[in-house]
Amino acid sequence: LAGKLADEDGFEVFAVGGFVRDILLRQPNFDIDLVAEGDGIAFAYKLAGVLGGRVKAHHKFKTAVIILPNGQRIDVATARLEYYEYPAALPVVELSSIKMDLYRRDFTINALAVHLNPGRFGLLEDFFGAQRDIKDKIIRVLHSLSFVEDPTRILRAIRFEQRFEFRIGGQTERLIRNAVQMTFFQKLSGTRIFHELRLIFDERNALRCLRRMDSFALLTHIHPNLTLDDKLIKYLEELESVRNWYRLLYEEPAAQSWIVYLLGLCGHLPPEELVQIAGNLGFTERQRHDFLALRERTGQALGKLINWSQSGEPLSGLYFILHELPVEGVLLLMAKSTRDQVKKAISVYLTRLRHIKLEIGGADLRIIGLEPGPAYGRILREVLAARIDGKAECRGDQLA
Ligand code: CTP
Numbered sequence: 234l235a236g237k238l239a240d241e242d243g244f245e246v247f248a249v250g251g252f253v254r255d256i257l258l259r260q261p262n263f264d265i266d267l268v269a270e271g272d273g274i275a276f277a278y279k280l281a282g283v284l285g286g287r288v289k290a291h292h293k294f295k296t297a298v299i300i301l302p303n304g305q306r307i308d309v310a311t312a313r314l315e316y317y318e319y320p321a322a323l324p325v326v327e328l329s330s331i332k333m334d335l336y337r338r339d340f341t342i343n344a345l346a347v348h349l350n351p352g353r354f355g356l357l358e359d360f361f362g363a364q365r366d367i368k369d370k371i372i373r374v375l376h377s378l379s380f381v382e383d384p385t386r387i388l389r390a391i392r393f394e395q396r397f398e399f400r401i402g403g404q405t406e407r408l409i410r411n412a413v414q415m416t417f418f419q420k421l422s423g424t425r426i427f428h429e430l431r432l433i434f435d436e437r438n439a440l441r442c443l444r445r446m447d448s449f450a451l452l453t454h455i456h457p458n459l460t461l462d463d464k465l466i467k468y469l470e471e472l473e474s475v476r477n478w479y480r481l482l483y484e485e486p487a488a489q490s491w492i493v494y495l496l497g498l499c500g501h502l503p504p505e506e507l508v509q510i511a512g513n514l515g516f517t518e519r520q521r522h523d524f525l526a527l528r529e530r531t532g533q534a535l536g537k538l539i540n541w542s543q544s545g546e547p548l549s550g551l552y553f554i555l556h557e558l559p560v561e562g563v564l565l566l567m568a569k570s571t572r573d574q575v576k577k578a579i580s581v582y583l584t585r586l587r588h589i590k591l592e593i594g595g596a597d598l599r600i601i602g603l604e605p606g607p608a609y610g611r612i613l614r615e616v617l618a619a620r621i622d623g624k625a626e627c628r629g630d631q632l633a
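According to this note's numbering, the residues represented by the sequence shown are 234 to 633, in order.
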């Protein structure tokens with residue numbers, strides 16, 4: 234359809250970027266990126282009109298996003314025709330605009346385009362050897378200034394390398410080391426680094442990305458003293474398997490990976506240094522508050538958890554400790570617990586206990602003639618504890 238509409242107006246339109254890469258890699262990707270060799274914004278309006286979507290246009294960049302009724306997004310960019318004048322009176326060259334558009338991108342594997350116009354539908358344009366790099370599993374930049382133009386690409390290179398189990402090419406790796414040495418990465422704003430870090434933390438293999446960052450001495454941009462030692466790596470491995478386990482079980486409520494990993498990485502640092510990290514990464518007021526509060530609350534809960542595990546108290550005791558925390562805090566504690574029995578109890582909490590609700594409330598206590606007062610809270614808590622421990626009995630074999 235997009236190709237047909239472009240054909241009507243006499244220009245080419247392409248699917249580009251990660252969408253094409255992931256087709257070749259046979260990976261799911263629902264983010265569609267289009268490039269039009271014509272007025273991209275006008276094209277976006279036309280396409281949205283037919284598909285019944287809305288358009289958000291950025292006139293400055295000649296780009297638009299179409300948002301379809303089902304929430305699916307289609308990015309549309311405009312590829313401009315560019316003229317290059319060679320020195321020494323050679324003729325002015327008109328480069329195909331899709332080629333120029335692709336040349337500005339980060340890595341060869343992201344610089345593929347597929348024709349969508351009916352005459353050439355499905356034809357792949359590979360100007361820079363992307364198919365070869367995909368076959369050889371290599372992340373390679375298109376030109377030597379790529380990381381200077383956009384240092385966030387250093388973190389993107391690491392993310393794609395670990396996600397696809399590729400390796401960063403030799404020359405590209407040298408360019409990264411140069412860019413770090415020449416302090417280009419350091420010039421990025423905290424907000425931009427944090428944005429890329431969040432994408433890394435959302436990866437299934439986030440820890441491998443962090444180890445790779447460490448090998449480029451990039452963790453020091455989160456905090457000057459941050460390096461990965463064996464103890465921290467062991468804890469983060471545990472944290473990652475807990476996070477991945479939770480993510481497999483529950484889409485909602487989603488655990489926010491950034492807070493889980495950042496507290497996993499930096500939770501041992503004193504509070505004033507955490508405040509510094511919040512500043513280095515340009516946290517919003519809300520993020521800063523959540524980050525610091527969760528550190529504080531998990532610290533307190535850990536003490537209670539240790540007491541609980543040594544006291545032989547029933548599961549309801551654990552319930553009341555964990556119920557105070559957001560799920561991110563529970564995951565951090567689960568990873569911290571060295572005793573298998575405590576880990577199992579926390580997993581029972583996450584899978585079963587946290588959903589338990591009482592069928593009675595204050596109104597029922599009033600019906601049986603109890604005067605409203607502080608006793609209500611105590612009674613309801615005891616009923617809840619009985620429910621939980623009743624449940625616990627039938628799961629005792631699993632906990633043993
Ligand atoms: N891109 C780039 N330089 C950047 C960011 C993006 O050149 N710093 C280009 C790449 O060609 C990329 C496209 O813009 O393919 C879209 O970027 P993004 O939305 O991040 O998408 P994906 O490459 O699909 O990444 P992901 O699979 O993580 O969504």
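No residue lacks a Cβ here, since even glycine has one placed at the ideal position from N, Cα and C.
Query                                                                                                   : Result
R628 - DSSP class collapsed to helix/strand/coil                                                        : Residue confidence is low: R628 scores 38 on pLDDT, short of 50, so the model does not pin down where it sits. Its coordinate-derived value is still stated next. In this structure, R628 counts as helix in the three-state DSSP scheme.
Within 8 Å, strictly: CB atoms of F354 and L335                                                         : no
Assigned exposure category for P384 - 16 Cβ within 10 Å defines buried                                  : buried
A534: first and last residue of the uninterrupted alpha helix (DSSP H) it sits in                       : E518 to S544
Nearest candidate by alpha-carbon position, reference E382, set I367, Q404, H556 and R338               : R338
Length-filtered (4 minimum) alpha helix (DSSP H) runs lying within the region 394-448                   : 403-414, 423-434 and 439-448
V268 beta carbon less than 8 Å from that of A235                                                        : no
Euclidean distance between Cα positions of D440 and L535                                                : One detail in the question is off: residue 440 reads as Leu in this sequence, not Asp. Their Cα atoms are separated by approximately 23 Å.
Three CB pairs or more closer than 8 Å across the region 582-594 and the region 554-563                 : yes
Buried versus exposed call for N303 [16 or more other C-beta atoms within 10 Å across all chains shown] : exposed
Same chain, Cβ closer than 7 Å to G562, five either side skipped, listed in chain order                 : L527, R530, T531 and A534
Near ligand 1: T296 beta-carbon under 7 Å from a heavy atom                                             : no
L514 versus D447: straight-line alpha-carbon distance, rounded                                          : 17 Å
A568: first and last residue of the uninterrupted beta strand (DSSP E) it sits in                       : Segment V560 to K569 is the alpha helix (DSSP H) holding A568; no beta strand (DSSP E) there.
Residues near P261 by beta carbon distance below 8 Å, same chain, minus five either side                : D255
T460, DSSP secondary structure in three states                                                          : coil
Nearest-angstrom Cα separation, counted from L481 out to A625                                           : Because the pLDDT of A625 is 43, which lies under 50, any placement of that residue in the model is unreliable, and the number read from its coordinates should be weighed accordingly. If I take the Cα positions, the gap works out to 24 Å.
Buried/exposed call for N540, threshold 16 Cβ in 10 Å                                                   : exposed
Ligand 1 heavy atom lying under 7 Å from the CB of T385                                                 : yes
Whole-angstrom distance between F397 and G500, CA atom to CA atom                                       : 29 Å
D366, DSSP secondary structure in three states                                                          : helix
Pairwise C-alpha distance: L496 and F524                                                                : 8 Å
Whole runs of the alpha helix (DSSP H) within the region 461-523, excluding any shorter than 4 residues : 463-482, 490-499 and 504-513
N- and C-terminal bounds of the alpha helix (DSSP H) containing F276                                    : G273 to L284
Selected residue, minimal CA-CA separation from D473, among H522, E436, E506 and K464                   : In the sequence on display, residue 473 carries Glu and not Asp. The residue with the shortest Cα to Cα distance from E473 is E436.
Integer Cβ distance of L461 from R444, believed to fall under 8 Å                                       : 6 Å
Three CB pairs or more closer than 8 Å across the region 541-552 and the region 609-621                 : yes
Alpha helix (DSSP H) segment containing T311, residue limits                                            : From DSSP, T311 is part of no alpha helix (DSSP H) but of the beta strand (DSSP E) over R306 to T311.
Buried/exposed call for A239, threshold 16 Cβ in 10 Å                                                   : buried
Contact under 8 Å by Cβ, F418 with H454                                                                 : yes
Contact under 8 Å by Cβ, K420 with R400                                                                 : no
Per-residue DSSP class, three states only, for E241                                                     : helix
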